[in-house]
Amino acid sequence: MNIKFPLLASAATALLLSAGALTSCSDDDDNKISDSITFRQVLRVEQWNDGTTNAFADFMVVNTQTNKLMSIELPSKANITANGVRLDYSTPDPKDPYSYAYKAFLPSSANEVTFVFTRMPGVVLTNRINLSNTPMIRLASSTVVNNGQKYNYTSSTGYLTGSEVRIMLLGKDKANLNKRYYAEIFNDTYTFTGVPAGQYQLCSMSTDSVQLQEPNGTSGGIIYGTKVFEVPTVTVK
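For reference, each letter of the sequence shown is one residue, going 9 to 245 in the numbering used here.
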């Protein structure tokens, strides 16, 4: 299976931070990031109803030129794994707030996902999230969505926990490609209004978050666990 694009945004603007904005070190590391710099970790797991499980990560530092958190590429002696699978780096899209720098497809839908961040030899940080209580929000099976109509959803756990739940339509036509329209959720129903006619991807997202068990210094961070129910194509008339 392929890695699906993450549906929820990272915690900061995902831009590659140039090495010139950081304190340099004297070793041969191509990224020239000082060993004394700590990274904020933003970790995410997304499990989809088709069995796909993806892991994402961003590592944030404060850009000394702008005083804002920015995403970086780790130095070569650092790496991040999820359930033993190494996450690969690709330059995030600065125009896409849903873009993560590190990502990997996980071969199984384990309830617990363990991230292991090796900052440098001898500095290893382990953080876990358990998704067993995160509900899968199952949506109506209809491939036609009408504005103003109430649709019922069900929860895989039989109830709603404290999870954050969103239901959205994601545009597939050229005129509204990747544009998002969120439903109003009330009790066990959801309703869309004002969505232009066209083809969409229909998704529900149920998300839990936990603080890191092992942060990198005082830089903090968070882990998100999301279950996604997808109807690949629906038509809004």
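We treat Cβ as the ideally placed atom computed from N, Cα and C, and that holds for glycine.
Since we're looking at a predicted model, the values are computed, not measured.
Would DSSP call residue i helix, strand or coil?
| i | result |
| --- | --- |
| K158 | strand |
| A112 | strand |
| A148 | coil |
| N184 | helix |
| Y106 | coil |
| N224 | coil |
| D43 | coil |
| N135 | strand |
| D101 | coil |
| F194 | strand |
| V203 | coil |
| S163 | strand |
| Q73 | coil |
List the whole-angstrom C-beta distance separating residue i from residue j, where the pair is believed to meet the contact cut-off of C-beta under 8 Å.
| i | j | result |
| --- | --- | --- |
| G225 | T46 | 3 Å |
| N141 | T169 | 6 Å |
| F200 | V153 | 6 Å |
| M144 | N57 | 6 Å |
With DSSP as the reference, identify every bridge partner of residue i, one or two as the case may be.
| i | result |
| --- | --- |
| S140 | In DSSP, S140 forms no bridge with anything. |
| Q209 | L178 |
| K235 | Q55, S214 |
| V242 | Y208 |
| R94 | T89 |
| A63 | V53, A112 |
| T126 | N87, V132 |
Would you verify that the beta carbon of residue i is, or is not, closer than 7 Å to some beta carbon of chain B?
| i | result |
| --- | --- |
| I145 | As a matter of chain content, chain B is missing from the structure shown, which is built from one protein chain. |
Please list the terminal residues of the continuous beta strand (DSSP E) segment that includes residue i.
| i | result |
| --- | --- |
| Y167 | Run containing Y167: none; DSSP gives neither H nor E here. |
| L77 | 77-79 |
| field | Cβ contact check for the region 65-83 and the region 106-117: 3 or more pairs under 8 Å | value | yes
| message | Within 8 Å, do at least three Cβ pairs link the region 206-218 to the region 171-179? | response | yes
| task | Report yes or no: do three or more beta-carbon pairs, one from the region 113-131 and one from the region 59-67, lie closer than 8 Å? | result | yes
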